[in-house]
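Quick note: the sequence shown uses our numbering, first residue -3, plus one each step. All C-beta atoms, glycine included, are put in the ideal place defined by N, C-alpha and C. Computed from a predicted structure; not experimentally measured. Working notes for the structure below.
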Amino acid sequence: MRRLSIRCCILLLITILSAHLNSKACTNILITPGASADGSSLVSYSADSHWLFGDLYFQPAARWAPGTRLSIREWDSNRYLGEIAQAPRTYKTVGNMNEHQLIIGETTWGGRRELSDSTGIMDYGTLIYVALQRAKTAREAIQVIVDLANEHGYCSGGESFSIADKNEVWVMELIGKGAEKGIVWVARRIPDGFICAHANQARIQTFPLNDPENCLYAADVISFARKKGYFSGEDRDFDFAEAYGPYDFGTVRGCDARVWSAFNRLSGGEFTYEDESGKLITRPAKDFLLYAMGYDLQHGRLPLFIRPAGKISVKDVADAMRDHYEGTPMDMTLDIGAGGNALPYRWRPMDWEYDGETYANERAIATQQTGFWFVGQARKSLPDLIGGILWFGTDDAATSYLTPIYTNTDEIPECFKVGNGDLLTYSPTASFWVNNRVSNACYKAYNLMAPTVVAEIDRFENEQMTVKVAEMDAKALAAYHSILPKAEKKGLESKDWFAPVRKMLTDYSVNTAQTQFHNWVKLEELLLVKFIDGNVKAQNEDGTFKHSPHSAGIPAGLTQPGYTEHWKKVVAGDRGAIIKVPR
């Protein structure tokens, strides 16, 4: 495994008092083929950490000699953990997808601290990337994860995994067994036509005990909980999340609230879900709001999956990952904490004290400390060679774009390459650093500057997602079908028949990413010129700046928008006696 920066959720194993909002990170949204606009399986993931540099991992396919060993290093810290036997054959991986269109994402919830196994050598990050190298389908990946953790021990805390292939989407939750080697776990297949989400809080509650087509679990998942004193009821009433990942105000407000918001956006404000008997129920999203805000933990726990309001596109998922609770009571732009320009972010820590009381900063889906994020797309309508796309981006999702990377690419764009900069080394050719320059520019005058960035994101993503990728698909598919008859006649294994197709996909992935990277460099320059010193310079329809008739270097139509009305009200109330202008 490659050396990685300390990353997502390193603080998650720290138990936090229930009165405080926790600092957990990462969000996943899962879309089944029947719920997506084009029949794709979709999984989104934001890898959120103050210690994570955003780059795109790449591992070519390989065959390994008997006796080869794989060195295991903890994903968060790069700490050496041990070695395991290498598989005879490993598949190509690009980020969190592989050449067979398998997608794996995660969020960490920690759970009961006593279940951590310090002697295990498999951490959650290693489980992801080794499973991607060894499995073709979601079910195979679940088995690989279980086998590795049980054989070698599991040293991380409670985890939720999103595991999808081109046909099925699963959510899997697991936790270690403390002094005993291995894991207890449960995995549920999301019914086709439904969607799911998780965000650092265990989500699987009760589950079917006799439905192996749709639910898999460890043989001792219930008996182990009984032995540890976490559960004492009937098997049918066993609640995995309650037993292994107890929740409180902090975990709900900082974590499940993000799930509620994603569901609210994608369901049109009504949650349609199955009760324990399988009957469909529809309730307004607002019925679950008091729970999501952490005020009523006894009622309104969120369903694991719901039906969306309509068919969901890649763009819909990408935009849901940009959510700041807009239009809800948790909207981060509405209080004075947003400053004078409606900034939907709060710097850490997650909670703060004043005059003997503790208050919470919201933790929205979009967040400033994202290292990388993606929407993985697995398309059963296309051969694996062409079907898989990792829509990949770096830094804050709200002000960064997703660019398509075909998962059978043979090369990673320079702007995403591992080693091109890190958190302590600035690189002008790294996407992570340029996106941070753009986002951090916007933070000083968000309501003025972010719309300019969002317009550029929408222009690029809509063009790629609706036109350009479809054109590339058609070209690659035509080349694939022209090669296939000869390859089948001569034997598919006799040579690398499809290298020309992979080159097409590689060139497209690399050139698109690098072109958009250079566009973003220019965008950062535009933001500096257009919004310098609190001014806003006017532009013509073609994007050029308006200037005076006397000089091309003197702006015309320059405005100074100032601050929001809410800011004015609060400042007037606080300092009015001193700053009020006499009549």
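With fewer than 16 other CB atoms across the displayed protein chains lying within 10 angstroms of its CB, Ala573 is exposed. Ile218 is classed as buried because its beta carbon has at least 16 other beta carbons within 10 Å across all chains shown.
Contact between Met118 and Gly91 fails: their C-beta atoms lie close to 20 Å from each other, not under 8 Å. For the 8 Å CB-CB criterion, Ala374 and Ser37 form a contact. The secondary-structure analysis by DSSP pairs Asn94 across a beta bridge with Thr89. Distance from the CA atom of Ile277 to the CA atom of Leu293, rounded to whole angstroms, is 21 Å.
Straight-line spacing of the CA atoms in Leu212 and Arg184 works out to 7 Å. Rounded to whole angstroms, Leu398 and Glu457 show a C-alpha spacing of 7 Å. In this structure Ala305 touches Gly264 by the C-beta definition: roughly 3 Å separates them, less than 8 Å.
Residue burial is scored here from C-beta neighbours: Asn507 has fewer than 16 other C-beta atoms within 10 angstroms and is therefore classed as exposed. Burial is judged here by how many other beta carbons sit within 10 angstroms of a residue's own beta carbon; Arg59 has fewer than 16 and is exposed. Beta-carbon to beta-carbon, Val182 and Asp216 are separated by about 12 Å, too far to satisfy the 8 Å threshold. Annotated as proximal: Ser427 and Cys411, with beta-carbon spacing under 8 Å. Under the three-state reduction of DSSP, Ala374 is assigned to strand. Judged by beta-carbon spacing, Leu98 lies within the 8 Å limit of Thr133, meaning their Cβ atoms are closer than that value. In the three-state reduction of the DSSP assignment, Ser152 falls in the coil class, being assigned neither a helical nor a strand state. Per DSSP, the continuous alpha helix (DSSP H) segment holding Thr508 begins and ends at 495 to 527.
A Cβ-Cβ separation of about 6 Å places Ala338 in contact with Thr560 under the 8 Å criterion.
Annotation for Ser263: the continuous alpha helix (DSSP H) segment containing it runs 253 to 263.
Each of Arg433, Ser547, Asp529, Gln129 was checked against the Cα of Tyr53, and the nearest Cα belongs to Gln129.
Remark: C-beta atoms of Arg65 and Ala81 approach each other more closely than 8 Å. Arg85 and Pro62 have their C-alpha atoms roughly 10 Å apart. Cβ atoms of Asn94 and Thr403 come within 8 Å of each other, at about 7 Å. In the DSSP assignment, Ile80 forms a beta bridge with Leu66.
Apart from the 5 residues on each side of it in sequence, Ala57 sits with its Cβ closer than 8 Å to the Cβ of Arg85, Thr86, Tyr87, Lys88, Glu95 in its chain, given in chain order. Between His46 and Gln512, the C-beta spacing is not below 8 Å. Excluding its 5 nearest sequence neighbours in each direction, Leu523 has C-beta neighbours in its own chain below 8 Å: Val434, Ala437, Cys438, Met445, Thr448, Val449, listed in chain order. In the same chain as Leu286, and ignoring 5 residues on each side of it, the C-beta atoms closer than 8 Å to its own belong to Asp292, His295, Gly296, in chain order. DSSP places Ala548 in the strand class (E or B) of the three-state scheme. Between the alpha carbons of Ala21 and Val465 lies a distance of about 31 Å. In this structure, DSSP gives Pro280 an extended state, which the three-state scheme calls strand.
The region 374 to 385 and the region 347 to 360 do not touch, with fewer than 3 CB-CB distances between them shorter than 8 Å.
Secondary-structure assignment with DSSP links Pro400 through a beta bridge to Trp387.
A check of alpha carbon separations from Ala160 across Ala145, Gly101, Gly241, Ala175 identifies Gly101 as the nearest. Among the bridge pairs identified by DSSP, Cys192 is matched with Leu26, Phe301.
In the same chain as Ala258, and ignoring 5 residues on each side of it, the C-beta atoms closer than 6 Å to its own belong to Ile25, Ala193, Ala316, in chain order.
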